[in-house]
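Written below as structure tokens is the structure these notes are about.
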Amino acid sequence: MRIGILNSGGDCPGLNAVIHGVVGAAHQLGWEVVGFRDGFEGLLPPGDYMMLNPEKTVGIMKLGGTILGTTNKGHFVAKIGEGDVAEVPVEVVERAKATLRHLEIGALIVVGGDGSLTTGLQLNRMGIPVIGVPKTIDNDLQATAMTFGFDSAVAAVVDALDRLHTTAESHKRVLVLEVMGRHAGWIALWGGMAGGADVILLPEIPFNMENVAKAVKARDARGQHSTLVVVAEGARLESGELVKKEAIGGKGEDRLGGVGEYVAREVEKLTGKDTRACILGHLQRGGAPTALDRILGVRFGTKAVRLIEEGKFGRMVSYQQYHVGDVAIEEAVNHLRLVSPESEVVQAARSVGITFGDEA
Ligand code: F6P
């Protein structure tokens, strides 16, 4: 048996741990593993790939990024904009099939987020035996309680906030940290709570600048002269408006970012306090995975091989209640998993005095 693996979409800490898990489990079964480079593009004839074995993958688990490379562009994009699904052209799928046939590959493991798994699902329906592995730092995939990469992104936010605390206190400033997550607020919520933010602004809880300013002033009145604000890149104003620096027209998703600068500017205007914005950006995606992400990655990778062994194609590895199981890929895509404003975690944050900018 020979199986293929590819990563697709944005990179994510823990991808190499998945590869390590796949290669280890496959080797135990006496199977060969072919790693395709640069996402689905590596499937195009003659195939851009490398043979993977335990000697090649030893030590990669602790590395960030992916040894296979990845892309969120190219011939296989099945998601256009925010949620519009396009069909990968039949001719492109036929070319991929030809490569897989030529290399005698019996199954393909697709490690990706919403868009890449949508492509994986289409390939599976068109006759390629696919197993999905969920991947995104945003943690916004349905049907899995967590994806690897999220914990590493949260750790980067916490590290940034620990640093911002000391400079904010020294200067009695407001510091606004803009974090990733697209239209989900998981990174902002978890990172903000763990890093001791005073204000957290999420896409799921529309905010009002007056309320944010009020929280800053109230802290000042209590003698707390510095304030840390964490704002998710997809946070929305009460009007429903998304503050964006750059809108990409036509095909492709809007590039988010810019809300941090906006919030900092408005806070300064409304409170008169010296305010600065900091954009954490790709520091959240780069670098070594945390211990949790390494373990999740290895478990996801080995589970993907078990699913191939059981012939459960069209399924995706899923993490639920401390157990790694599997679900139909359909259950995970096309509908983001968002933070519920009524959830226990949001209530816990409110209980310790964190403001979400929605209070009257
Ligand atoms: O989906 C992961 C993510 O890091 C988002 O949080 C962010 O908006 C986006 O990808 C950035 O994408 P790119 O690396 O293409 O700028």
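For the sequence shown, the working numbering assigns the number 438 to the initial residue and increments by one for each residue that follows. Even for Gly, the Cβ is constructed at its ideal location relative to N, Cα and C.
Spatial distance of residue i from residue j (CA atoms)
| i | j | result |
| --- | --- | --- |
| Ile716 | Gly467 | 47 Å |
| Val522 | Glu767 | 13 Å |
| Gly405 | Lys706 | It is not possible to answer for residue 405, since the shown part of the chain is limited to 438 through 797. |
| Tyr486 | Ala725 | 24 Å |
| Ala786 | Gln757 | 24 Å |
| Ser788 | Ala605 | 23 Å |
| Lys688 | Gly677 | Here the model assigns Lys688 a pLDDT of 49, short of 50, so the residue's position is not dependable, and the following value carries that caveat. Cα to Cα, the separation comes out at about 23 Å. |
| Leu505 | Glu746 | 23 Å |
| Ser663 | Ser755 | 41 Å |
| Gly552 | His602 | 36 Å |
| Leu773 | Asp599 | 30 Å |
| Leu674 | Asp588 | 27 Å |
| Gly703 | Arg619 | One point to set straight first is that residue 703 is Glu, not Gly, in the sequence displayed. When rounded, the distance between both Cα atoms is 22 Å. |
| Lys534 | Gly543 | 11 Å |
| Leu693 | Gly511 | 21 Å |
| Leu720 | Gly502 | 12 Å |
| Ala741 | Leu443 | 12 Å |
| Glu781 | Asn561 | 38 Å |
| Gly794 | Gly496 | 45 Å |
| Phe473 | Thr555 | 18 Å |
| Ala765 | Thr581 | 11 Å |
| Thr536 | Gln579 | 31 Å |
| Val514 | Ile568 | 18 Å |
| Val613 | Lys749 | 46 Å |
| Val611 | Val776 | 25 Å |
| Ala797 | Val649 | Reliability fails at Ala797, whose pLDDT of 49 lies under 50, so the model's placement of it is uncertain and the value that follows must be treated cautiously. Rounded to whole angstroms, Ala797 to Val649 spans 10 Å at the Cα level. |
| Glu647 | Trp627 | 24 Å |
| Gly446 | Thr508 | 5 Å |
| Val548 | Pro643 | 32 Å |
| Asp475 | Val696 | 31 Å |
| Gly734 | Ala658 | 47 Å |
| Val530 | Pro566 | 13 Å |
| Ala701 | Gln661 | 18 Å |
| Arg752 | Gly718 | 32 Å |
| Gly479 | Pro491 | 21 Å |
| Gly738 | Asn645 | 43 Å |
| Glu469 | Ala463 | 7 Å |
Among the options, nearest to residue i - alpha-carbon criterion
| i | options | result |
| --- | --- | --- |
| Val680 | Glu698, His719, Arg538, Pro571 | Glu698 |
| Leu500 | Asp730, Gly677, Met583 | Asp730 |
| Ala378 | Gly622, Ile497, Gly628, Asn509 | Given that the chain is displayed from residue 438 to residue 797, the structure contains no residue 378 and the question cannot be resolved. |
| Arg855 | Pro450, Met630, Val459, Arg619 | Coverage of the chain is limited to positions 438 through 797, which leaves residue 855 absent and any answer about it impossible. |
| Met438 | Lys740, Leu558, Val471 | Val471 |
| Lys516 | Asp691, Glu528, Ala590, Gly502 | Asp691 |
| Gly564 | Val548, Gly549, Asp577, Arg532 | Arg532 |
| Leu540 | Thr708, Pro483, Asp763 | Pro483 |
| Ala652 | Leu481, Ile791, Glu492, Leu733 | Ile791 |
| Arg713 | Glu615, Trp627, Gly446 | Glu615 |
| Ala655 | Pro450, Lys710, Arg736, Phe737 | Lys710 |
| Met617 | Ile642, Gly751, Asn576 | Asn576 |
| Gly441 | Leu489, Ile732, Val761 | Leu489 |
| His760 | Gly451, Ala728, Gly550, Met583 | Met583 |
| Pro526 | His464, Ile546, Leu481, Arg736 | Leu481 |
| Asp448 | Ala590, Leu558, Arg538 | Ala590 |
| Glu524 | Gly557, Arg736, Pro778, Gly461 | Gly557 |
Beta-bridge pairing of residue i - partner residues as DSSP gives them
| i | result |
| --- | --- |
| Lys572 | Phe585 |
| Thr792 | Val636 |
| Gly756 | Reading the sequence as shown, one finds Tyr at residue 756 and not Gly. Tyr756 is bridged to Val761. |
| Arg439 | Glu469 |
| Tyr486 | Phe473 |
| Asn444 | Val548 |
| Cys715 | Leu614 |
| Val424 | The question about residue 424 has no answer, for the chain in this structure spans 438 to 797. |
| Val455 | Paired residues: none, contrary to the question. |
| Val567 | Leu545 |
Any chance you could list the alpha helix (DSSP H) runs of at least 4 consecutive residues sitting entirely within the segment 639-678, in chain order? Taken in chain order, the whole alpha helix (DSSP H) runs of length 4 or more contained in the segment 639-678 are 646-658.
contact_flag[the segment 447-455, the segment 567-585] where n(CB pairs < 8 Å) is 3 or more: yes
Between the segment 596-614 and the segment 767-783, can you find at least three pairs of beta-carbon atoms closer than 8 Å? no
With three or more C-beta pairs closer than 8 Å as the rule, is the segment 633-645 touching the segment 655-669? yes
Flag this pair as touching only if the segment 627-635 and the segment 583-599 have three or more C-beta atom pairs under 8 Å; answer yes or no. Contact holds: three or more Cβ-Cβ distances are below 8 Å.
Quick check on the DSSP output: what are the complete alpha helix (DSSP H) runs of length 4 or more inside the segment 715-748, in order along the chain? 728-746
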